[in-house]
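In UniProt numbering, the protein residues as written are 1 to 133.
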């Protein structure tokens, strides 16, 4: 087999995973995933309550993954957050019938800048372990 020079890209397909289904795509809280505070007090100024009400509606879109059976809020909420999976990939080749060589794989730089720094952030003011189920 000839030596391959340059980058090699791997693609894979998931079966039975319908990420383009309309209800699935809408079942998420953009504000929650961006790390915004969704807790509020009715004693806050009216302008702030108006801004927060859009965040509350955002969480309503998470149904049926909004709260547990005990009415405990789910964080992160929604079908998208509820469908995590492990996509660990190991690339190897066989040198002989008894020798398998693992190929080093680059595992950095895979995330889009906006996903890493804008769309998916942890809240900076809470203990996250208190809010995840």
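We treat Cβ as the ideally placed atom computed from N, Cα and C, and that holds for glycine.
- Residue 67 and residue 73 do touch by the CB rule: their CB atoms are close to 6 angstroms apart, below 8 angstroms.
- Rounded to whole angstroms, the separation of the alpha carbons of residue 111 and residue 120 is 11 angstroms.
- Look at residue 94 here: in three-state DSSP terms it is strand.
- Where residue 19 is concerned, there is no enclosing alpha helix (DSSP H), because DSSP gives it neither an H nor an E.
- Closest option to residue 108, judged by alpha-carbon separation, among 102, 82 and 116: 116.
- For a cut-off of 8 angstroms, the C-beta gap from residue 29 to residue 61 is around 7 angstroms, short enough to register as a contact.
- Its Cα nearest to that of residue 2, the residue 93 stands out among 93, 105, 98 and 124.
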